[in-house]
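Visitor:
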Amino acid sequence: MPNKLSSITKAEILEALDFIDHNGIPKDNEWNQYWIMYNRIPYPFKHSVHLASKFKIDFRSDHFYRTRISELGFNIQFKSEKGKDKAPKFWIGASYFGESPNHIPMLEDFIKNSYWATDHDFSSKTGKTIDKRLSQVSINDRIAIRFFSRKNSTIAIAALGTVKSIDEIHNGHLEVIWDYFPKLYNGPKPSGQGAGNWWNTFLEISRPEDIELIFDHEITNKRLSRLTWNLEHGYMSPSGRQGKSKDLKSHEGQFGYGHEEWLFDNAKLIDGYHYGFLEPVRKYQKFHTGKIYDVTFYTLDADSSIRYEVGEVYGLEVIDEQLADSIKQQYKTNGWLQEMEQQIIACGANDNGFSGFNGIDIFNVRYRPENLRINSPYKAIPKENAIYSAQRYTFIQDTSFSLNIEEEEEQFIFITPFPPSSNDGKDTNEDTGQPKRKKSFRKPKEVEIVYLHDAISIALTQKIRGIHQHQNVHPEHPAGYGQHRIDIVVNTNQGLVFYEIKTYPSILTAIREAFGQLMEYSYWSKHNRAVKIIIVTQIPITPKAKEYFNHLRDKFNLPLYYQSFDLSTGHLSEIT
DNA sequence: TTTCTCGATTTTGCCACGAT
DNA sequence: ATCGTGGCAAAATCGAGAAA
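Numbering-wise, our numbering comes out as the position in the first sequence, counting from 1, plus 283.
#1: Between which two residues does the alpha helix (DSSP H) harbouring Gly749 extend?
#2: DSSP three-state label for Ser683, please.
#3: From the DSSP output, in three-state form, read off Gly376 for me.
#4: Of all the options Leu510, Phe302 and Pro788, which has the alpha carbon lying nearest to the alpha carbon of Asn549?
#5: Residues in the same chain with beta-carbon distance under 6 Å from His542, minus the five sequence neighbours each way, listed in chain order, please.
#6: For Glu653, which residues in the same chain have their Cβ closer than 7 Å to its Cβ, ignoring the five residues on either side in sequence?
#7: List the endpoints of the continuous alpha helix (DSSP H) containing Met389.
#8: Mark Lys551 as exposed unless 16 or more other C-beta atoms lie within 10 angstroms of its C-beta, in which case mark it buried.
#9: Which stretch, first to last residue, makes up the beta strand (DSSP E) that contains Thr775?
#10: DSSP three-state call for Val730: helix, strand or coil?
#11: Report the option in Gln419, Pro473 and Gly410 whose CA atom is closest to the CA atom of Asn449.
#12: What residues in its chain sit with their C-beta under 7 Å from that of Pro471, if we drop five residues either side in the sequence?
#13: Could you tell me which of Thr292, Tyr671, Gln476 and Phe485 sits nearest to Arg416, measuring between CA atoms?
#14: Once the 5 residues before and after Val601 are set aside, which same chain residues still bring their CB inside 6 Å of it?
#15: For Ala439, which residues of its own chain have a beta-carbon under 6 Å away from its beta-carbon, when the five flanking residues on both sides are left out?
#16: For the 8 Å Cβ check, are there 3 or more pairs between the region 580-594 and the region 602-612?
#17: Just the C-alpha distance for Asn633 and Glu622, rounded to the nearest angstrom, thanks.
#18: Which term fits Trp807, buried or exposed, when burial requires 16 or more other beta carbons within 10 angstroms of its beta carbon?
#19: Please identify the residue among Leu606, Thr859, Ser397 and Glu364 whose C-alpha is closest to the C-alpha of His346.
#20: Determine the closest residue to His854 out of Ile413, Leu743 and Lys829, with distance taken between C-alpha atoms.
#21: Taking Cβ to Cβ, would you say Ile428 is nearer than 9 Å to Ala377?
#22: Could you give the distance in angstroms between the alpha-carbon of Thr792 and the alpha-carbon of Arg349?
#23: Go ahead and label Ser474 buried or exposed: buried means 16 or more other beta carbons lie within 10 angstroms of its beta carbon, across all protein chains shown.
#24: What span of residues does the alpha helix (DSSP H) with Phe570 cover, start to end?
#25: Terminal residues of the continuous alpha helix (DSSP H) containing His834?
#26: Contact defined as beta carbons within less than 8 Å: I believe Phe464 pairs with Phe302. What is the distance between those atoms, to the nearest angstrom?
#27: Within 10 Å of its beta-carbon, does Ile858 have 16 or more other beta-carbons around it, so buried, or fewer, so exposed?
#28: Taking 8 Å as the limit between beta carbons, can you name the residues of its chain near Gln717, skipping five residues before and five after?
#29: Shortest alpha-carbon distance to Ile784 belongs to which of His757, Ser740, Gly410 and Met802?
#30: Using CA coordinates, which residue listed in Thr852, Trp545 and Glu796 is at the minimum distance from Leu514?
#31: Please report how far the alpha carbon of Val596 lies from the alpha carbon of Arg509, in whole angstroms.
#32: State yes or no: is the C-beta of Gln568 nearer than 8 Å to some heavy atom of the ligand HEM?
#33: If you reduce the DSSP assignment to three classes, tell me which class Ser609 lands in.
#34: Determine the contact status of Tyr326 and Ala299, defining contact as a CB-CB distance below 9 Å.
#35: From this set, Pro491, Val578 and Glu451, which residue's C-alpha is nearest Leu507's C-alpha?
This is the structure we're talking about:
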């Protein structure tokens, strides 16, 4: 009798996955144990197959059917509901039982009976380390079985799977659901610092590149990096000596500026990238070259010794010397290098030798400006945070340093000024009872990312024209008074919709800048009313901002909305 | 900034021996 | 003849902090 699913083709499954991409997963189908992995994105197995069959075939997701579908070329993985949100760990296990002379191959049994185990005596020396490692395994961790050749220093992965249960862990036994149709690595053994000892019976691997290689699983490589103090200029040009290290041995102390002070100067772009410099990268350039990081920046105000979280950037790439040199050459050609030199002089620092630096000492990283988020204002890091014990410019990986600063609960209560008599009649209500640090703190300087504004404007116009037809979408529409122009005006059945694009690196600044303009455009003249006013930025909405828009609409009946536009994918978010 | 030291991690050597 | 395999130990390497 033919398999119920034998009529389903690969193309139909792909179509179903595409449908899910656009329409999401219905609530009822979110509870799922088996997932089709496609382009590293998990799709619920049963729902996907159902869709592919146009709901014609009713079946229970069992081993037989999963095998059938996986044979079409789909990797299917198990993931339990338990501890679903926890980040998995990645383990490598041996394929044999027994000690040296008497090896018993176990792979077949492991696969057939859905487990991995070791027969080690946990009282022996190596047994104890294995026991210790096993105790750190949790449900949904991933595990691989390896063969190896010590002579050639190569490994071959024989199976990949997910830990389903750890109940028998004290017996050295893990219940594992092995992947269907896995991509199995076979090649040189990961080596070097952080690779772990692959000859061990059981080990955890943690380097992102290894996890990607073995498990085809992408890990965001998060780092913390300290920046020199540059509040006044918002890392768009050197800000002079105030708040900086006074240590004459450091570059900063010696010259009065650091090369990272142009890190957020997004007006200077080459092929969509901004090139900058990070001191912690310089120290281990060789190690970091070619890697990609999500970096959170913090800074230290040397005058108050308060540390602040400045912002973060996603997908920061560490470049090599060759590229750095060619970028320096381009900066020279564009006259930007000279501009930078003038900025050094303008802030009162010493520009001696600036033009003589190697490319790699001026540029060692690059990022796309749309991936930059700046806190406005910078978030003060509580004194208890471990970051206060980090003294140097290092690229911190340790999660114990995680900033994770809670959004400050805004509190506004009226503060009674001191009565005049208490202080010779002078008003001293500036720092009433508050810690001193607050008084000198101002918002960072931010500028709009001009290129991004233009690019979004063009792409968005095109996108909306696809929906509302060419003649109903007018970019750069005159506001009807003065020389002002509205970024995009759309003529819909319900009336006019105004779009204002803002590309500041912080969402709050973007909203603030757009708000006044939009109010003016729509209400300055009573005829020009828009039915909807939409602020568009490159930053996905935050819960706080969402609340703000709801509040504005509730309280004042303003038809004000927010959308974010992802330039790389051309995706426009829901209206919020 | 450079060099040194120390501890931790990783690699290699050696043993034994069955499988190829 | 050569290789895969795990334990154990020794050797090599690495990273971070201290000292120079």
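Where a beta carbon is used, it is the ideal one built from N, C-alpha and C, also for glycine.
Just so we're clear, the structure is a prediction, and the values are computed from it rather than from any experiment.
Guide: The short version:
#1: Val733 to His751
#2: Reliability fails at Ser683, whose pLDDT of 48 lies under 50, so the model's placement of it is uncertain and no value is given.
#3: strand
#4: Pro788
#5: Phe560 and Ile645
#6: Leu735, Gln821 and Leu850
#7: Taken as a continuous stretch (DSSP letters only), Met389 belongs to no alpha helix (DSSP H), as it is neither H nor E.
#8: buried
#9: Arg768 to Thr775
#10: coil
#11: As written in the sequence, residue 449 is Ile, which differs from the Asn given in the question. The option with the nearest alpha carbon to Ile449 is Gln419.
#12: Ser436 and Thr437
#13: Phe485
#14: Val564, His571, Thr572, Lys574 and Val648
#15: Phe430 and Asn469
#16: no
#17: 15 Å
#18: exposed
#19: Ser397
#20: Leu743
#21: yes
#22: 50 Å
#23: exposed
#24: Gln568 to His571
#25: Pro826 to Phe839
#26: Contact doesn't hold; Cβ gap of about 22 Å is too wide.
#27: exposed
#28: A caution first: Gln717 carries a pLDDT of 37, below 50, which makes its placement in the model unreliable, though a value can still be read off. Cβ within range, chain order: n/a, list empty.
#29: Ser740
#30: Trp545
#31: 13 Å
#32: The ligand HEM is not among the ligands present in this structure, which contains no ligands whatsoever.
#33: helix
#34: yes
#35: Val578
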